[in-house]
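Pasting the structure below:
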């Protein structure tokens with residue numbers, strides 16, 4: 002998401018940025034998410050640009066959305082309500098929380114768990130507060146599962162809670178992932194009885210057929226679909242089918 006506004010403001014090529022991040026991670030045996038957050042701060046410092054919460058949030062306004070996303074939440078919520086289901090939407094992302102907060106769909110989510118900065122007295126980002134990578138994403142799924150709406154409570158997340166007392170069972174989760182950092186979460190949700198869907202950019206499918214093949218062949222996901230959220234799209238129909246099955250499981254017998 003840095004590619005759409007933050008990096009262009011710095012005059013930095015996206016491919017160069019991520020290549021530098023990967024190289025620094027290898028050189029320092031470091032976590033790639035922490036390195037990209039550090040690299041953002043370093044680049045801005047070199048150019049004398051202040052990284053404030055407001056500045057990052059403004060960059061979020063430039064995030065492009067896939068087809069159908071604007072109307073997606075209203076349609077899916079309505080579909081669930083008509084079948085006695087109450088639907089909640091969450092984000093678990095390695096991306097930057099402050100940038101996501103600027104997106105026009107931010108208010109649609111009950112909670113957004115994403116990598117965040119600590120901001121100093123001058124209001125500038127000084128240090129990572131939360132860094133969410135491919136394995137820590139699974140921790141935040143457990144936080145959702147147990148109804149923990151924060152990143153800091155380490156006691157409650159480790160407390161034993163009977164499966165039937167958890168606010169959001171894994172079997173009622175639909176996880177939609179679009180990147181390599183989502184693979185452990187896809188697999189875990191599937192293993193726990195939930196539903197995992199991998200989506201891909203329809204315009205760049207030719208670059209990812211092998212990845213799609215492996216996600217299915219290696220039993221990571223239930224479904225793979227283009228990231229088209231429009232009414233009647235493959236993804237839309239797939240998710241509605243899963244929701245209809247969930248509704249039947251809890252006793253809904255109305256028209257479909």
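Numbering (my numbering), first residue to last: 2 to 257. Note that CB positions come from ideal geometry on N, CA and C, so glycine has one too.
Under the Cβ criterion (8 Å, minimum of three pairs), the segment 135-142 counts as touching the segment 170-189. In terms of Cα proximity to residue 43, the closest of 25, 218, 6, 232 is 25. For residue 38, the number of other beta carbons within 10 angstroms of its own is at least 16, and it is reported as buried. Taking C-beta separations shorter than 6 Å and ignoring five residues to either side along the sequence, the partners of residue 57 in its chain run 99, 100, following chain order.
The three-state reading of DSSP puts residue 222 in coil, since its state is none of H, G, I, E or B.
With respect to the 8 Å criterion, residue 229 and residue 72 are not classified as neighbours on the basis of their beta carbons. With a beta-carbon spacing of about 6 Å, residue 171 and residue 194 fall inside the 8 Å limit used to define contacts. Per the C-alpha coordinates, the member of 117, 104, 159, 122 positioned closest to residue 134 is 117.
The segment 158-166 makes no contact with the segment 84-99: fewer than 3 CB pairs, one atom from each, lie closer than 8 Å. Straight across, the Cα-Cα distance linking residue 77 with residue 231 is about 11 Å. For residue 50, the secondary structure class from DSSP, reduced to helix, strand or coil, is coil. Cβ-Cβ separation between residue 241 and residue 80: approximately 6 Å, consistent with a contact (criterion under 8 Å). Cβ-Cβ separation between residue 222 and residue 205: approximately 18 Å, too far for a contact (criterion under 8 Å). DSSP places residue 177 outside any alpha helix (DSSP H); the residue lies instead in the beta strand (DSSP E), whose first and last residues are 175-178.
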